[in-house]
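Heads up: the sequence shown runs through residues 685 to 947, numbered per this note's numbering.
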Amino acid sequence: MLGGRRDTKCAHPGWDTGLMETDSRRARIREVRSRLATDGPAWTRDQDRDFETVTLPERDCDLLRDLIIAEGAETVVEVGLAYGSSALAIGETLVTVDAPHPRHLVIDPFQQPAFHNVGWDLLRSAGLDTIATLIPQPSSIALAQFATEGIVADAAFVDGSHRYHEVFVDLYFLRTIVRPGGLIVLDDDWTPSVRTAARYYEHHLGWTVLPGAFASGTHWNLARDPTAQAVPRCRALRLPDQPFEPPFEAFDPFWTEAHRPDP
Ligand SMILES: C[S@@+](CC[C@H](N)C(=O)[O-])C[C@H]1O[C@@H](n2cnc3c(N)ncnc32)[C@H](O)[C@@H]1O
């Protein structure tokens, strides 16, 4: 599936036209992505190096794109839009996969008030507003609503609030929204809050790491401690094919896992 499209598309008489259309849409997205990575956004918050600090670096975006393309994803949930680098990469994924009903659900309550819609405007300039929807609510509310509506996603990218309890709740709901065997990618796995939330799901609920998925991406020292181990900033996790609920007696104090080196 990597870089390709579904067989149904190839069998269609208008295949050549469809192929050209997909290629030109992808070229437009790549142009916006490349300009953003080189020149930065048209506007940033008044904080030193805010874009560089906040946005997902280009090579991690490329790894994220390729990983989700390999899933053949049709519906992707994203938490945290900000400057839109990861959202553009996910948009490129969906255009590349070219499934019948691509859907990119992007959650961010602060896109307008804190980011002046700069990420959303970039998605629009890349022509991705046709498949993307911005939900301007906290993820804890939006994801609960998705679960209520029975939305099923193939993959999710989580880069919203980095508070432990908010990441934990994001993953709690994504566990029911992302299909069994689907993919969840987390940014900032070097932060103790994100890392500890993720480790609960790995330790207790059978989520498995895709080893090496972000090995060639950017790395950070754990908790920004220069003496600590450097780890990939993103972590890709696969949900089990058969979801299960462990008995509460099986709870293990997982926080002891939090700072252990990766296997
Ligand atoms: C690190 S930035 C995301 C960067 C983005 N992935 C990029 O490549 O530019 C975190 C984003 O999460 C958003 N955010 C903060 N709290 C949130 C919440 N409770 N729900 C959803 N998004 C939230 C912020 O507004 C911000 O845009």
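Glycine is no exception: its CB is placed at the ideal position from the N, C-alpha and C atoms.
| Asked | Found |
| --- | --- |
| Can we say the stretch 884-897 touches the stretch 721-741, given the rule of at least three CB pairs closer than 8 Å? | no |
| Just tell me which of S708, D730 and L870 has its CA closest to the CA of A798. | D730 |
| F794: beta carbon under 8 Å from a heavy atom of ligand 1? | yes |
| Give the list of continuous alpha helix (DSSP H) stretches no shorter than 4 residues that lie fully inside the stretch 757-797. | 769-781 |
| Would V760 and H788 qualify as a contact pair, given that the criterion is a beta-carbon distance under 9 Å? | yes |
| Of the residues T739, D792 and L807, which one's Cα is nearest the Cα of G775? | L807 |
| Helix, strand or coil, according to DSSP, for F852 in the structure here? | helix |
| Distance, Cα to Cα, H800 vs F932? | 44 Å |
| Measure the Cβ-Cβ separation of G844 and G803 and say whether it is below 9 Å. | no |
| Just checking C745 against ligand 1 - is the residue's beta carbon closer than 8 Å to any of the ligand's heavy atoms? | yes |
| Pick helix, strand or coil for W804, following the three-state DSSP scheme. | helix |
| Ignoring anything shorter than 3 residues or poking outside the stretch 859-915, list the beta strand (DSSP E) runs there in chain order. | 862-870 and 903-905 |
| Going by the beta-carbon positions, is the gap between V878 and H846 smaller than 9 Å? | yes |
| Leaving out five residues before and five after V836 in sequence, what residues of the same chain have Cβ atoms less than 6 Å from its Cβ? | R863 |
| Taking the alpha-carbon positions, what's the T701 to D782 distance? | 13 Å |
| If you measure from the CB of F857, is any heavy atom of ligand 1 nearer than 8 Å? | no |
| Going by Cα to Cα distance, which pick from T777, D792, S770 and D909 is closest to P786? | T777 |
| Beta carbon of D936: closer than 8 Å to some heavy atom of ligand 1? | no |
| Taking 8 Å as the cut-off, is the C-beta of G775 nearer than that to any heavy atom in ligand 1? | no |
| In angstroms, rounded to a whole number, what distance separates the CA positions of S824 and A816? | 19 Å |
| Start and end of the beta strand (DSSP E) containing D732? | Taken as a continuous stretch (DSSP letters only), D732 belongs to no beta strand (DSSP E), as it is neither H nor E. |
| Out of Y848, Q796, A934 and S809, point me to the one whose CA is closest to R714's CA. | S809 |
| For ligand 1, is there any heavy atom lying closer than 8 Å to the beta carbon of G981? | The chain is shown from 685 up to 947; residue 981 falls before or after that span and cannot be answered. |
| By how many angstroms is the C-alpha of G756 removed from the C-alpha of D750? | 10 Å |
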